[in-house]
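Undergrad:
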Amino acid sequence: MAEKSAADIAAEVGGSLVGDGSVKVSAVASLADAGERHVSFLGNEKYRAQVATTEAGIVLVPIDYAAEPPPGRAYIRCDNPNRAFSQLVVDFAPAPLVPTPGTHPAAVVAEGATVAPSASIGACAVIEEGAVIGEKTIIGAGTYIGHGARIGRDCHLYPNVTVREACILGDRVIVHSGTVIGSDGFGFEMSKEGHTKIPQIGMVQIDDDVELGACVTVDRARFGRTWIKRGVKVDNLVQIAHNVVIGEHSVIVAQVGISGSAILGKHVIMAGQSGAPGHIHIGDGATIMGKSGPMSDVEPGATLMGMPAMPRAKFMRCSVLYQRLPDMHSQLKSLQKQVEELSRRLAELDPS
Amino acid sequence: MAEKSAADIAAEVGGSLVGDGSVKVSAVASLADAGERHVSFLGNEKYRAQVATTEAGIVLVPIDYAAEPPPGRAYIRCDNPNRAFSQLVVDFAPAPLVPTPGTHPAAVVAEGATVAPSASIGACAVIEEGAVIGEKTIIGAGTYIGHGARIGRDCHLYPNVTVREACILGDRVIVHSGTVIGSDGFGFEMSKEGHTKIPQIGMVQIDDDVELGACVTVDRARFGRTWIKRGVKVDNLVQIAHNVVIGEHSVIVAQVGISGSAILGKHVIMAGQSGAPGHIHIGDGATIMGKSGPMSDVEPGATLMGMPAMPRAKFMRCSVLYQRLPDMHSQLKSLQKQVEELSRRLAELDPS
Amino acid sequence: MAEKSAADIAAEVGGSLVGDGSVKVSAVASLADAGERHVSFLGNEKYRAQVATTEAGIVLVPIDYAAEPPPGRAYIRCDNPNRAFSQLVVDFAPAPLVPTPGTHPAAVVAEGATVAPSASIGACAVIEEGAVIGEKTIIGAGTYIGHGARIGRDCHLYPNVTVREACILGDRVIVHSGTVIGSDGFGFEMSKEGHTKIPQIGMVQIDDDVELGACVTVDRARFGRTWIKRGVKVDNLVQIAHNVVIGEHSVIVAQVGISGSAILGKHVIMAGQSGAPGHIHIGDGATIMGKSGPMSDVEPGATLMGMPAMPRAKFMRCSVLYQRLPDMHSQLKSLQKQVEELSRRLAELDPS
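Residue numbers (the working numbering), protein chains in the order written: chain A, 1 to 352; chain B, 353 to 704; chain C, 705 to 1056.
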């Protein structure tokens, strides 16, 4: 197992060493779990007090962390302890799995499919006619790639993913297990006698550097495309309906639902369990807080919360008053009595 | 690629032509995306202004759309532009995929299973003993059909679906990828020492013309059946718990959760991310708005919103006042001061 | 089919017989669905009135159910009709499926994997190198077990489950179809130029007697482990993010989302569609009601509701007043007018 000294690590991450540079560690751990052979980090202010109590041999701390480590230990002050720690996590990890290029004998690749020689196709994966798999792309076991779907290079589709026909993924796209790309949009001509399916024959386009979590559903367009643009990151169990467009580098947290034809700008953040109604526009850089639901278009840069969603500061103020409703109600009752009493007394004084 | 003139299309959809009947198009597009070789449509009032600015050669408009098209273009007025457009979407689409009847050599069909000759079983699909697959039904690659499950005719189960033992699907049922039918209901005898599993040995019955989206979960009954009746349409990532009954033609939008033994009437609509608690009854034709949660039985025809849910109009009124709570709070404080002042002055006037 | 008399059943469940002990039944049913050859039960007070109207030959009732059955029928009074009924459900059920031990010829087990002789590996399941499958464990068709993952004994992983590399499951763990264990945590260094993936190289540890529903997602830790402790029960479509810890015997209902590094104590209950933000601590025995979202740490034993969550009784009181906001608003307006009027009259009386 790799071993590094505090001096080595300080040099590697470009931080400044405080304390004993000869302390050696061989693994990473959280402040709470660490022992003397671990390096840990302060990446969230919530855990600041744990730096003083941790048993970690080395702790990565922010630049402004002034205290000295106990004897025989080291702190390393760095600009971004979180990022520096990520580097160490990889350094100390076991070697990553590198699938062998080629098609597993138990995979099923149709004659008319095109698989790059450096791609890796797992056991029981099914690649249909006309599909194209790019260089160095990994298709996990049991994953399905439909007719004419095109997957770019350096992608990683984990096991048991489904990509339906005609969908297009760019380069370096990551898709986690259980996710479904290109299922039919949910559209019906509704009537009392029963609902008639509206054909959903568009596709899904996913641009470069997108990551989709596990059990995400992305519906194909009614016509044209459902479009997830470059660099978008999507967490688990998210619903993206037909004809949705998500702008570059937006971040969609777990269990969010985005309804049909909604258009999100760039760098939008939708926090966990929030929702966007159909045909809404959400401006660049807007943030929708957890569990919240805007009911009309959202201005660029806005931060909204609540259901219906309102500016976050307003929501926080209103939610405090919501909890004071019983007081307000009592005060109102009391005022009513006082005003009646005043009115009665005034009438006595001035019977006119 | 197919090509159609405005006159052709007007005849096909039974609409009335306005403008140049000789304009030809070869594809569909939205108003915003269309060029002169596209036909588009006005299907949502939100986009009305785009009819004047679109570059579409032909636009399907509602009967009451009075304006004339620019020279060299055509409008077609029709009763239902949305429905008419759906027809054109199909006309201009590439020929649909038609799977070959028969069992793929890489599928695994148990000896005691019965597969109709016209059915199509995809690669790596697994059909267990006693299962029955009806005429012209398509079982996608990697889909699992458990022991004794029965799937009717003209069904389409997309890749990577799971149907557990003993479940029954009617005819023309569509099930999208990732969906699980017949997982155990969530039932435990709870105790401080640990929870004991309550056996879940009922089944799931899904009637004709039901469509289930992607990554939907439908739990088997504790005993008897979880029952989704004829014509119900279910969107993605919906949870349907054990012993739930959903009435004919109800519509369940994405990420809805329906708890155990809930009973929904006919033509109920549950909008996205709404929820129904256990054992609730929701009457025929009721609508539960997005993110809402009724906490007691719902009358037929009611439209509820909020958590807890209340009549929609009431919710809209209350939610406006919620946002005015800071004003109401200030007004209350101000009134308290004024009343104190009045009281003091009155005491001076009338010291009795 | 099995047949039992009321006297037999009373003896089996340790209940006291009221009415005709010779009544025979051969199946179970709900009070509403039952006929004379069925045994039913009163397990939920909501259905108490149905005992008098059911056609069930035998009904299991609580000890305090005083009424007598009609002639030719029987009641059996017992401490826990729900538990007693579960026993009968199993008695009258068809024999459970018992998969044959061994590896299906269409399964793909890597050379370096270790599968216990009494384990059963389904068709198209894929077991990677270094994986270990314990005695009597059932791996369903199409299920994927990644490199070095270890599954204990007497587990049941249903079809189309995904367990990624290095994850560890204890004994008697049940995992339903579509569930994904060990997908990457959702962590990025965010920037305007694009978000950089934070390596997620920890694992997931699931202890003995845990049950996970269908389409659940459990992300692997950034480092260390995401940890679901002994006896935890998780319903369908739940999101469990990286580095979450869930204490013994906690119950997580459908569509709950638990954000990164949240720590739940023992016997916590999170009801349907509730959510927990990142890094929160939820104390032992706390309950988070449906659709609710605490925004700060939760005391042991607390029962919270609302968004943001507050004590349940307080939420219920506030939610009633929320619905009276229109009245309160009118009363406030009316008071303002009255106070103005009083003020005016007082000024007339006392012009000083």
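Glycine residues also receive a C-beta, built at the ideal position from the N, C-alpha and C atoms. Note that the structure is predicted; figures quoted are calculated from it, not measured.
1) Any residues in the stretch 864-889 of chain C with a beta carbon nearer than 7 Å to a beta carbon of chain B? Which ones, in chain order?
2) Taking B/Lys666 as the query, report the chain C residues whose CB atoms sit under 9 Å from its CB, ordered along the chain.
3) At a CB-CB cut-off below 7 Å, which residues of chain B make contact with A/Ser259?
4) Nearest to C/Gly844 by CA position, among C/Val867, C/Glu833 and C/His851, is which residue?
5) In the DSSP assignment, what residue or residues form a beta bridge with C/His860?
6) Only counting the same chain, and skipping five residues up and downstream in sequence, which positions put a Cβ closer than 6 Å to that of B/Ala483?
7) Taking the beta carbon of C/Lys1037 as the centre, do at least 16 other beta carbons fall within 10 Å, making it buried, or is it exposed?
8) I'd like to know if the stretch 727-738 of chain C and the stretch 568-581 of chain B are in contact, where contact means that at least 3 CB-CB pairs between them fall below 8 Å.
9) Between B/Gly565 and chain A, is any beta-carbon pair separated by less than 8 Å?
10) When you compare the CB of B/Asp636 with every CB in chain A, is at least one pair closer than 8 Å?
11) Verify the CB distance criterion: does C/Ser734 have a CB-CB separation below 8 Å to chain B?
12) Hey, quick one: how far does the beta strand (DSSP E) through B/Gln557 stretch, first residue to last?
13) From the DSSP secondary-structure annotation, give me the bridge partner or partners of B/Glu541.
14) Please compile the residues from chain B whose C-beta is within a distance smaller than 8 Å of the C-beta of A/His329.
15) Should C/Gln1040 be flagged as near chain B, meaning a C-beta pair shorter than 8 Å?
16) Taking B/Ile592 as the reference, give the member of B/Asn432, B/Ala436, B/His601 and B/Trp579 with the closest Cα.
17) Suppose you measure from the CA of A/Asp79 to the CA of A/Tyr65; what does that come to, to the nearest Å?
18) Just to confirm the assignment: which complete beta strand (DSSP E) runs, minimum length 3, are found wholly within the stretch 763-846 of chain C?
19) Pull up the CB-CB distance for C/Pro998 and C/Ala980, whole angstroms please, since I reckon it's below 8 Å.
20) For a test of the three-state rule: what should DSSP assign to A/Ile9, helix, strand or coil?
21) Assuming C/Ala1006 and C/Pro1012 form a contact by the criterion Cβ under 8 Å, report the distance between their Cβ atoms to the nearest whole angstrom.
22) Count the other CB atoms within 10 Å of the CB of C/Ala966; is the residue buried (16 or more) or exposed (fewer)?
23) Exposed or buried, A/Val339, counting other C-beta atoms within 10 Å across all chains shown (16 or more means buried)?
24) Whose C-beta lies closer than 8 Å to the C-beta of C/Gly917 among residues of the same chain, with five residues either side of it excluded?
25) Do you know whose CA, among C/Ala760, C/Glu749, C/Arg752 and C/Ser978, lies nearest C/Arg741's CA?
26) In the stretch 839-861 of chain C, which residues sit with their C-beta less than 7 Å from some C-beta in chain A, listed in chain order?
27) So C/Asp1054 contacts chain B; which residues on that side make the cut at Cβ distance below 7 Å?
28) Given that C/Leu1008 touches chain A, what residues does it touch there, using C-beta distances under 9 Å?
29) Express the C-alpha separation of C/Val794 and A/His281 in angstroms, rounding to a whole number.
30) Can you have a look at C/Arg752 and say buried or exposed, based on whether 16 or more other CB atoms are within 10 angstroms of its CB?
31) Would you kindly work out how many angstroms separate the C-alpha atoms of C/Ala827 and A/Val109, rounded to a whole number?
32) Does DSSP put C/Arg854 in a helix, a strand or coil?
33) Going by DSSP, what residue range makes up the alpha helix (DSSP H) through B/Leu673?
34) Name the two residues that bound the continuous beta strand (DSSP E) containing C/Glu722.
35) Using the beta-carbon of each residue, which ones in chain A are nearer than 9 Å to B/Leu412?
TA: So, from the listed chains and residues:
1) Asn864, His880, Ser881 and Gly882
2) Gln1027 and Pro1030
3) Gly624
4) C/Val867
5) C/Ile842 and C/Ile878
6) Ala465, Ile497 and Ala501
7) exposed
8) yes
9) yes
10) no
11) yes
12) Met555 to Ile558
13) B/Thr548
14) Those do not exist, as A/His329 stays about 10 Å from chain B at its closest Cβ, beyond 8 Å.
15) yes
16) B/Trp579
17) 11 Å
18) 778-782
19) 7 Å
20) helix
21) Incorrect: roughly 13 Å between the Cβ atoms, too far for contact.
22) buried
23) buried
24) His880, Thr883, Val938, Asp939, Asn940, Leu941, Val942 and Ala958
25) C/Ala760
26) Gly846, Tyr848 and His851
27) Arg697 and Leu701
28) Residues of chain A passing the Cβ test: none, with the nearest at roughly 12 Å.
29) 53 Å
30) exposed
31) 18 Å
32) strand
33) Arg664 to Gln675
34) Before going on, a small fix: residue 722 of chain C reads as Val here, not Glu. Counting along the chain, the beta strand (DSSP E) containing C/Val722 begins and ends at Ser720 to Gly723.
35) What B/Leu412 touches in chain A: nothing, since even the nearest Cβ is about 13 Å away.
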